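In the UniProt record's numbering, the protein residues as written are 1 to 191. Have a look at the structure below, then the notes.
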Amino acid sequence: LHNVSLLIHLYISNPVSFQIIVFFEDRNFQGRYYECSSDCPELNTHFSRCNSIRVESGSWVLFERPNYLGYQYVLTRGEYPDYQRWMGYNDSIRSCRLIRNTSNVFKIRIYERPDFGGQMLECSDDMINLPDRWRLREVHSAQVQDGAWVFYELPNYRGRQYLLERGEYRRFNEWAAMNPNVGSFRRVHDF
1 LHNVSLLIHL YISNPVSFQI IVFFEDRNFQ GRYYECSSDC PELNTHFSRC
51 NSIRVESGSW VLFERPNYLG YQYVLTRGEY PDYQRWMGYN DSIRSCRLIR
101 NTSNVFKIRI YERPDFGGQM LECSDDMINL PDRWRLREVH SAQVQDGAWV
151 FYELPNYRGR QYLLERGEYR RFNEWAAMNP NVGSFRRVHD F
């Protein structure tokens with residue numbers, strides 16, 4: 001009973017340390033696997049390819065290349081039996097980190113021009129089709145006031161993904177995009 005109380009106390013005082021993601025080399029959670037509980041800039045020493053993932057807890061951003069570079073994939077708790085389920089382009093996952101800015105409060109402002117210029121739209125909910133709501137498809141700057149958000153290049157949460165955490169993004173390249181196209185976005189919930 002004492003050990004259970006200690007574990008509960010440790011979890012409450014530092015829940016981030018109990019976040020777990022498991023990478024599998026083969027589809028459907030088969031083959032060699034690696035369990036990860038913290039940021040990892042070099043996953044290639046643990047596995048050569050990644051074809052399925054189980055997120056036990058926490059929200060994670062995965063990267064196609066080492067040192068948090070390349071395509072980004074945001075995953076929340078759940079099972080992903082093949083890389084198409086996380087909208088992956090291939091079986092390459094080379095780095096990952098825990099998303100720490102998840103909360104129950106969300107607010108983002110997006111802008112038509114760099115440096116927070118032009119039209120502004122403030123949101124606190126998911127946006128499945130930004131061009132329908134805003135009549136613009138380009139977002140040149142953003143301010144994340146609360147929570148963590150994922151921008152998608154296309155409507156309906158499709159295309160390349162970009163994680164935006166609390167802070168200011170004066171230009172689209174500051175969230176690692178190569179162009180200002182944003183078709184949809186949603187909040188990152190930590191279930």
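For every residue, glycine included, the Cβ atom is placed at its ideal position computed from N, Cα and C. These numbers were taken from a predicted model, which means no experiment stands behind them.
When the beta-carbon positions are compared, Ala148 and Tyr162 stay at least 7 Å from each other. In the three-state DSSP reduction, Asp146 falls in the strand class (E or B).
Counting only unbroken stretches of 4 or more residues, the alpha helix (DSSP H) elements lying wholly within the region 81-137 are 130-134, in sequence order. Collapsing the DSSP output to three states places Glu174 in a helix. Considering only Tyr152, Ser57, Arg65, Val61, the residue with the shortest C-alpha distance to Thr45 is Arg65. As a beta-bridge residue in DSSP terms, Glu79 pairs with Arg54.
Residue Asp125 holds the alpha-carbon nearest to the alpha-carbon of Phe185 among Ser92, Asp125, Arg54.
From the listed residues Phe106, Tyr157, Arg133, the smallest Cα separation to Gln143 is found for Phe106. From the listed residues Glu42, Thr76, Ser48, Val55, the smallest Cα separation to Tyr68 is found for Glu42. The beta carbon of Val22 sits closer than 6 Å to those of Tyr33, Glu35, Arg54, all from its chain and outside the five residues before and after it, given in chain order. Taking all protein chains in view, the Cβ of Gly88 is crowded by 16 or more other Cβ atoms within 10 Å, so the residue is classified as buried.
Note that the C-beta distance between Glu25 and Arg49 is below 7 Å.
The way I'd put it, the region 125-135 doesn't touch the region 89-105; fewer than three beta-carbon pairs between them come closer than 8 Å.
In this chain, Asp39 is not harboured by any beta strand (DSSP E), its DSSP state being neither H nor E. A direct Cα-Cα distance of roughly 43 Å separates Arg170 from Gln30. Straight across, the Cα-Cα distance linking Asp190 with Glu56 is about 11 Å.
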